[in-house]
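K.L.:
Dropping a structure here in C-alpha cells format, bear with me for questions.
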Amino acid sequence: MEKRIYNDPKWRKTLLETPSGFALFEINEVALKEPDDIWVYFRNVIVAKKILYVLGFVKFDDKTSAWGGETRPSKDLMGLIQNFCDDKNHLIVQTAELEAIIMNKLNVKCSYDPNVADEVAWGLKSVLHEVIREEKDNITREYCLPLSKGLQCFVQDNLINVSPTMLTADLISEMGLAQYLNITLKEVPKILRESFDEHVCRIGDSIENDLKYARVLSRILVPELAPKYDLSKIVSHDLALKIQEAERVATQYRKEVLTMRNRETIIESITHLLAVPKQRDDVMTQVKLMEAKLRIAELGMPEDTDDRSMSELDLKPLKFRRTLLETPSGFAIFDVRESVFNCPMFIWSWFTGEMEAREVQKH
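Per our numbering, the very first residue in the sequence shown carries number 3; after that it's consecutive.
Quick look at the structure:
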C-alpha cells in the first residue's frame, strides 16, 4: 500500500491500538461523512485501500510504556504523531483517556466521538491483517468485536437472521455493496439538484421523486440527449406549465454556460437511477442466499438435506462468465459475475470505477 508523505485536509488522521502496538492512518473524509455508513467503506480490503493510507506502525513489547517517552518505541510513536498531525484536522482516537493523554503529552488536538471512533476502529480492525502485515497472525475474532453499529443496523433493517459470530467476510462485503448502492441512490440526485436546480427556476421544489426530477432536468437542459417522452403523462398540468417556464428561462444558460461534461453528468444520473435499483436487488438476492446457507450451518443441518432448506431455496454459489478481452498489447481473460449480463444495456454501469469493477470480478 502506498504511503502518503504529505498532509491533505481532506484526509483525517486516525490512531489505532493494534494487538502489538499502535498504527497511524489517514482516512478519506468521504468515508467519515455519515457515521452509520463508515462500515461500507471497509466492507473488504479492496475497497478500504481506496480510502485508507498507512502512515506508520510502532510495535511494543509492553504497551503500558507507550506514552512515557522513555523507551525507543515510545519516542518513535510520539514522533510519528507529531510529524503527521497538525491543526488542520484533529487526530481521531479510540478513547477519551487517549485523547487526554495525547493532548497533554504532545499538545496535539484530538477528537473522540464514539459514534465515529468506534465505527472507524471496527473498520480498521477488519482489514488490519492486510494493511499492517506485522499484525497478520495476531488478529482474532474477539479483537474485531464489537460489530460495527452501522452494520448491525443494516442486518436488523434487512431482517438478516445471522448471529454476529457467524457473519463471514464475503457476506459483509456483499451487504456493504448493497448499502453502497443505497448511498449512491441518495447522493446522485442530491448532487444533481445542488448543481443545476438554480438554473431551472428551482423546479426541484415541485418534484419530490428523484428519477422524475432527473428526467425533467434532462428535458430542460439536454433535450437533444434526453429520452423522448410525453410530459403530460408523467406530471400534472400545473407542473407542466412550470417546466415550460423553466425551459424558457434556462435557454441562455443551456447555450452559453452548460458544458459537455455537465450534459454527460445529467444523462449519466438518469441512467444510474434507472440501473442501480436492479443492481441492488440482485445483490440483496445474493445476500439472502448467503444468509440461508449460514443459517443451515449455524443450525447444524446437513447441506444435502432433502427438506425445504435446500430444494426450495435453490442455494447456489455465485456464478461467473469467462470473458476474453483484447488489450492494447495482448489478451486478458476475466471471470465476471453472471448477474452483470442480466441487462445488457446497463452492463457499463457495473464498471463506472475500479472499485465497482473489482467487486464483480472473481479474484
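For each residue, glycine too, the CB sits at the ideal point set by N, CA and C. These numbers were taken from a predicted model, which means no experiment stands behind them.
(1) With DSSP run on the structure shown, which of helix, strand or coil describes THR16?
(2) Whose C-alpha, out of GLU31, THR273, CYS203, ARG45, is nearest the C-alpha of LEU241?
(3) Suppose you measure from the CA of GLN181 to the CA of GLN154; what does that come to, to the nearest Å?
(4) Please report the distance separating the alpha-carbon of PHE198 from that of PHE44.
(5) Do TYR145 and PRO21 count as a contact pair if the criterion is CB distance below 8 Å?
(6) From ARG263, ASN184, GLU270, GLU247, pick the residue whose C-alpha is nearest to that of PRO229; which is it?
(7) Going by other Cβ atoms of all chains shown within 10 Å of its Cβ, with 16 needed for buried, is GLY70 buried or exposed?
(8) Would you give the residue range spanned by the beta strand (DSSP E) that GLY58 belongs to?
(9) For LEU93, which beta-bridge partners are listed by DSSP?
(10) CA-CA distance, GLU132 and ARG323?
(11) What whole-angstrom Cβ distance do LEU17 and VAL129 have, given they're in contact under 8 Å?
(12) Going by DSSP, which residues form a beta bridge with ARG324?
(13) Skipping 5 residues on each side, what residues in its chain have a beta carbon closer than 8 Å to that of ASN264?
(14) Quick check on DSSP: helix, strand or coil for GLU28?
(15) Starting from the Cα of GLU266, find the closest Cα among ARG74, ASP88, SER220 and give me that residue.
(16) Suppose you measure from the CA of LEU34 to the CA of ILE40; what does that come to, to the nearest Å?
(17) Have a look at ILE205 and LEU183 and give me their C-alpha separation to the nearest angstrom.
(18) Can you give me the C-alpha to C-alpha distance between LYS12 and SER113, rounded to a whole angstrom?
(19) What is the C-beta distance between LEU187 and VAL278, in whole angstroms, given that I count them as a contact (C-beta under 8 Å)?
(20) Identify every run of the alpha helix (DSSP H) within the segment 172 to 257, keeping only runs that are complete inside it and at least 4 residues long; order them along the chain.
(21) Which value, in whole angstroms, describes the spacing of the CA atoms of LEU108 and ASP120?
(22) So, is MET292 buried or exposed, given that buried needs 16 or more other C-beta atoms within 10 angstroms?
(23) With DSSP run on the structure shown, which of helix, strand or coil describes LEU275?
(24) DSSP on GLY152, reduced to helix/strand/coil?
(25) Return the CA-CA distance between HIS239 and ILE209, expressed in angstroms with no decimal places.
(26) What does GLY23 pair with, by DSSP beta-bridge criteria?
(27) How many whole angstroms separate the CB atoms of GLU28 and ARG14, which I take to be in contact at a CB cut-off of 8 Å?
(28) So ILE185 and VAL42 are in contact, right, with Cβ under 8 Å, and what is the actual spacing, rounded?
(29) Are there 16 or more other CB atoms within 10 angstroms of the CB of SER331, so buried, or fewer, so exposed?
(30) Quick check: PHE336 and THR325, are their CB atoms within less than 8 Å of each other?
(31) Tell me GLN363's beta-bridge partners as DSSP assigns them.
P.N.:
Reading from the atomic positions:
(1) strand
(2) CYS203
(3) 12 Å
(4) 32 Å
(5) yes
(6) GLU270
(7) exposed
(8) 54 to 61
(9) CYS112
(10) 28 Å
(11) Not really, about 16 Å apart at Cβ, beyond 8 Å.
(12) ASP337
(13) SER197, PHE198, LEU223
(14) strand
(15) SER220
(16) 6 Å
(17) 26 Å
(18) 16 Å
(19) 6 Å
(20) 212 to 223, 239 to 251
(21) 23 Å
(22) buried
(23) helix
(24) helix
(25) 13 Å
(26) THR20, LYS61
(27) 7 Å
(28) 7 Å
(29) exposed
(30) yes
(31) VAL338
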